[in-house]
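S.K.:
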Amino acid sequence: MHPACALIVWLAAVLGVQFVGYTGLVTLLLGVFVLAPPSSGRWLAYVRRARWLLLTLWLILAYNTPGEAWQDWPWAPTYEGIADATLQAARLLAMLACLAWLFVKVGHEGMVGGLWTLLRPFRVLGLDIERLVVRLSLVLENLQTIPETGAWRQMLAVDPVLPGGSEVLHLEVLPWTGSDTLVVVLAGISLMGAVLF
704 MHPACALIVW
714 LAAVLGVQFV
724 GYTGLVTLLL
734 GVFVLAPPSS
744 GRWLAYVRRA
754 RWLLLTLWLI
764 LAYNTPGEAW
774 QDWPWAPTYE
784 GIADATLQAA
794 RLLAMLACLA
804 WLFVKVGHEG
814 MVGGLWTLLR
824 PFRVLGLDIE
834 RLVVRLSLVL
844 ENLQTIPETG
854 AWRQMLAVDP
864 VLPGGSEVLH
874 LEVLPWTGSD
884 TLVVVLAGIS
894 LMGAVLF
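Each residue of the sequence shown is one higher than the last, beginning at 704 in the working numbering.
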């Protein structure tokens with residue numbers, strides 16, 4: 704699969720997740736873990752890193768959605784809020800699974816090549832895609848390393864010692880095949896199905 708095709712499939716999945724319920728989310732998770740079993744370990748690491756975000760999202764939605772209070776306690780979240788918060792947290796978990804699949808499927812260099820392929824048509828608008836791809840590559844590289852405890856203090860120091868990025872960026876451009884086109888069409892149909900149904 705071409706890296707740009709994998710990026711399109713990932714984007715379609717992330718957009719489609721917003722329109723499906725629990726059945727669709729479970730189907731997507733099973734599909735991710737069957738198609739790329741190594742992504743489950745990476746997904747668990749992402750979930751661990753996002754645990755506070757998940758908890759905060761759940762609490763905000765559970766307490767800010769109007770409705771009937773749970774157990775009729777005045778300080779409790781609403782039934783509707785609990786339902787909405789749980790669904791949104793499940794959607795975020797599915798999006799993290801899609802991200803884990805993408806990194807397992809294409810890796811860092813494939814991601815850079817896919818971004819290069821997808822952004823190349825924007826050159827006609829005067830966009831400096833080389834600079835954008837290099838910056839995105841550095842961000843993706845930093846996402847792969849787990850920061851040390853208290854690293855944020857070092858970044859705020861007067862003379863911070865920051866880790867350097869790669870000196871050379873390797874870009875491998877792969878040919879687009881007919882199967883890539885078929886996969887993109889299927890991803891588009893799946894997205895339309897998720898939106899319409």
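Heads up, the beta-carbon is just placed ideally off N, CA and C, and yes, glycines get one too.
Using CA atoms only, rank isn't needed, just tell me which of Leu889, Ala753, Val898 is closest to Ile711.
M.R.: The residue labelled residue 711 in the question sits at position 8 within the sequence shown. Taking only the C-alpha atoms, the option nearest Ile711 is Leu889.
S.K.: Please name the residue or residues paired with Thr768 in a DSSP beta bridge.
M.R.: Indexing the sequence shown from 1 puts residue 768 at position 65. DSSP output for Thr768 lists no bridge partner at all.
S.K.: Are at least three pairs of beta-carbons, each pair with one atom in the segment 723-742 and one in the segment 785-798, less than 8 angstroms apart?
M.R.: In short, these stretches touch, since the Cβ pair count reaches three.
S.K.: Assign Asp831 to buried or exposed, taking buried as 16 or more other Cβ atoms, counted over all protein chains shown, within 10 Å of its Cβ.
M.R.: For the purposes of this step, residue 831 is taken as residue 128 along the sequence shown, with counting starting at 1. Its Cβ having fewer than 16 others within 10 Å, Asp831 is exposed.
S.K.: Go through the segment 764-850 residue by residue and report every complete run of the alpha helix (DSSP H) that reaches 4 residues or more, in order.
M.R.: With a minimum length of 4 residues, the continuous alpha helix (DSSP H) runs that stay inside the segment 764-850 are 782-822, 832-847.
S.K.: Just to confirm, are Gly816 and Leu874 a CB contact at a threshold of 8 angstroms?
M.R.: Taking the sequence shown and counting its residues from 1, one reaches residue 816 at position 113. Taking the sequence shown and counting its residues from 1, one reaches residue 874 at position 171. In contact: Gly816 and Leu874 (Cβ atoms closer than 8 angstroms).
S.K.: Do the CB positions of Leu760 and Ala792 come within less than 8 angstroms of each other?
M.R.: Translated into the one-based positions of the sequence shown, residue 760 becomes position 57. Translated into the one-based positions of the sequence shown, residue 792 becomes position 89. Yes, they are a contact pair.
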